[in-house]
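In the numbering used here, the protein residues as written are 479 to 792.
Quick reminder that beta carbons are idealized off the backbone N, C-alpha and C, glycines included.
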Ligand code: NAP
């Protein structure tokens, strides 16, 4: 079955939902598909306190509000609808869904986010879900009273490490360098937390366990060391989901899609917004801005395409 729209949005995080709200409100026939629930990474975030105008809100609560708001304006939002491929046929952008259905539109906004990067050490894959985790909010409560390791030195590692001390008796932040790249405010907060310890200049070699994580093995200053822990949380960045595109779009060396200021990619009629595109930071506020810009640009594109097609058939 093929369905036709003005705009297709792939991905239902803040970027996709903002694009959906604006596109639907501009009276464009708009569908949004997401392989999971609406809200994307908001579901992996405990407390949000840096979204202007909202002092403090739970991630899943903001997800619900953003979804309802976009749907109120007429967005056709489809959850648990994974995309197989995105291709281009003439002016049409064609989305093949895993369900076998096909969606077509002249404008497509890719808001597909990314997946957590893997450490790629022995034990990581085998013990995933058995003590190895990439989501503190999802799994932290399983480790009440245990000692944990958090691997990474960016915003996510320090913020999630701090969050995990709600449950853990001790959180060891294990970082490969002598300094963190996380924002100073997050470093200060972690340093002020008596339940957090720091293991710097440490190269993780293995996650050990027997059906469940028992320790983290690492090298420090040329010496092999072992840290007994019940869980290992890995926050070392993530890989953008740019590979669902069957066509080549320009991207940076890490796979993040390059866009013009109006978020259009190197392919006319395809925009990229939020965490899938190359940019300075991954914030809810910037994702929402990206989605808004792309929707407005897509609206102008759809109108000019309609005018061109009308002139051609006149
Ligand atoms: P990130 O900023 O890219 O940091 C990744 C960290 O993991 C770095 O410290 C890096 O070490 C380390 N790392 C990377 N590969 C590694 C490997 N193979 N082995 C060991 N360590 C490795 O990623 P992030 O912390 O997920 O943040 C991503 C984006 O989200 C950032 O733009 C961030 O600002 C944003 N974010 C913001 C907030 C907030 O504002 N509250 C919260 C979470 C995330 P090196 O430093 O040595 O490279």
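- Listed in chain order, the non-local C-beta contacts of residue 576 below 6 angstroms within the same chain comprise 560, 562, local neighbours out to five positions each way being set aside.
- In the same chain as residue 514, and ignoring 5 residues on each side of it, no C-beta atom comes closer than 6 angstroms to its own.
- For residue 594, DSSP records a beta bridge to 716.
- Excluding the 5 residues flanking it on each side, residue 717 has same chain C-beta neighbours closer than 7 angstroms at 592, 593, 595, 733, in chain order.
- Note that the region 729-749 touches the region 769-785; at least 3 beta-carbon pairs, one per stretch, sit closer than 8 angstroms.
- Here residue 570 is exposed: its Cβ has fewer than 16 other Cβ atoms, across all protein chains shown, within 10 Å.
- Residue 547 carries a helical assignment under DSSP once its states are collapsed to helix, strand and coil.
- Residue selection by CB proximity (closer than 5 angstroms to any heavy atom of the ligand NAP) returns 630, 631, 632, 633, 634, 637, 654, 655, 659, 714, 715, 759, 760 in chain order.
- Residue 735: not part of any alpha helix (DSSP H); DSSP gives it neither H nor E.
- In summary, residue 525 is exposed, with fewer than 16 beta-carbon neighbours lying within 10 Å of its beta-carbon over all protein chains present.
- Check the Cα spacing between residue 687 and each of 702, 709, 679, 676: the tightest is with 709.
- Residue 505 carries a coil assignment under DSSP once its states are collapsed to helix, strand and coil.
- A contact between stretches requires three or more CB pairs, one per stretch, nearer than 8 angstroms, and the region 695-707 meets this requirement with the region 672-680.
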